[in-house]
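Structure first, then comments.
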Amino acid sequence: ELKVEQNPLFLSMQEGKNYTIYCNYSTTSDRLYWYRQDPGKSLESLFVLLSNGAVKQEGRLMASLDTKARLSTLHITAAVHDLSATYFCAVDAITGTYKYIFGTGTRLKVLA
Amino acid sequence: NAGVTQTPKFQVLKTGQSMTLQCAQDMNHNSMYWYRQDPGMGLRLIYYSASEGTTDKGEVPNGYNVSRLNKREFSLRLESAAPSQTSVYFCASRVSGGAGEFFGPGTRLTVL
Chain A
1 ELKVEQNPLF LSMQEGKNYT IYCNYSTTSD RLYWYRQDPG KSLESLFVLL
51 SNGAVKQEGR LMASLDTKAR LSTLHITAAV HDLSATYFCA VDAITGTYKY
101 IFGTGTRLKV LA
Chain B
1 NAGVTQTPKF QVLKTGQSMT LQCAQDMNHN SMYWYRQDPG MGLRLIYYSA
51 SEGTTDKGEV PNGYNVSRLN KREFSLRLES AAPSQTSVYF CASRVSGGAG
101 EFFGPGTRLT VL
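Heads up: the sequence lines are chains A and B, in that order.
No gaps in the numbering here: position 56 of the first sequence is 56 in the working numbering, and each next residue is one more.
No gaps in the numbering here: position 42 of the second sequence is 42 in the working numbering, and each next residue is one more.
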């Protein structure tokens, strides 16, 4: 059964601290996607990682992909309150099918 | 561009009633998707359409039907609503494999 697991599920951290969210998946997909969802809102695409070793950065967030380990990380540097949201990773269920499977999400709360 | 639009935004149904959720995108995307999101959970794929004229089942298709009316529009129908279908429904589209998805604002559905 295809699985996409994120940890931690909940994360409460102080402003200014660093932390990493992990996304493990069980397919052979070489593509991984990160999304952000604010409470009561829709999802917004953050990063698209298309190959082994891909690294993308936007502001205080950096995402990387290791397809051999079937692992992606979302690293938060010097967190600020505005980063409080739920973060989801997703993978292509089977390459070329255009079918996504989402992880369970990590709810991040940054405390002032 | 409006992006991905969904109607209605909110709906309350009684058990056994039917309804159709509408979704349209103006980005000329090939692939369109319907997801449901239950409280505190990730997204689960109901149906998707890789291209105009094709539809395929996702993880949780039971109790739903879809129609890809044209390249822009993808509707989701509940023939006989059940309380277990109470959820937030998101429509999404993407241009092709390897691209991130654009999500609509969601439809909050309650079945009594």
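We put the CB at the ideal spot given by N, CA and C, even for glycine.
Could you check which residue in the options has the C-alpha nearest to that of residue i?
i                        : options                             : result
leucine 21 of chain B    : B:Arg94, B:Tyr47, B:Phe102, B:Gly58 : B:Tyr47
serine 80 of chain B     : B:Pro8, B:Gln17, B:Gln11, B:Leu13   : B:Gln17
valine 88 of chain B     : B:Thr5, B:Val4, B:Pro105            : B:Pro105
aspartate 66 of chain A  : A:Gln6, A:Tyr87, A:Gly53            : A:Gly53
methionine 27 of chain B : B:Thr110, B:Ala2, B:Gly42           : B:Ala2
arginine 70 of chain A   : A:Phe47, A:Gln37, A:Leu46, A:Cys89  : A:Cys89
aspartate 82 of chain A  : A:Asp38, A:Pro8, A:Phe47, A:Ser45   : A:Asp38
proline 8 of chain A     : A:Thr77, A:Ile94, A:Tyr100, A:Thr73 : A:Thr73
Residue i by DSSP, collapsed to three states: which one?
i                       : result
serine 51 of chain B    : coil
serine 96 of chain B    : coil
aspartate 26 of chain B : coil
glutamine 14 of chain A : strand
glutamine 85 of chain B : helix
aspartate 30 of chain A : coil
leucine 83 of chain A   : helix
alanine 93 of chain A   : coil
Are there 16 or more other CB atoms within 10 angstroms of the CB of residue i, so buried, or fewer, so exposed?
i                        : result
methionine 32 of chain B : buried
valine 55 of chain A     : exposed
aspartate 92 of chain A  : buried
glutamine 14 of chain A  : exposed
valine 4 of chain B      : buried
arginine 77 of chain B   : exposed
lysine 17 of chain A     : exposed
Check the C-beta distance from residue i over to residue j and give it rounded, since I have them as a contact under 8 Å.
i                           : j                        : result
serine 159 of chain A       : lysine 3 of chain A      : Any property of residue 159 of chain A remains undetermined from this structure, which presents chain A solely from 1 to 112.
leucine 108 of chain A      : leucine 11 of chain A    : 5 Å
asparagine 24 of chain A    : glutamate 5 of chain A   : 5 Å
tyrosine 87 of chain A      : threonine 104 of chain A : In fact, because the Cβ distance is near 11 Å, the residues do not count as touching under 8 Å.
phenylalanine 74 of chain B : serine 49 of chain B     : 6 Å
Checklist entry - Relative to chain A, which residues along the segment 57–86 of chain B have a C-beta separation below 9 Å, given in chain order? => result Those would be Gly58, Glu59, in chain order.
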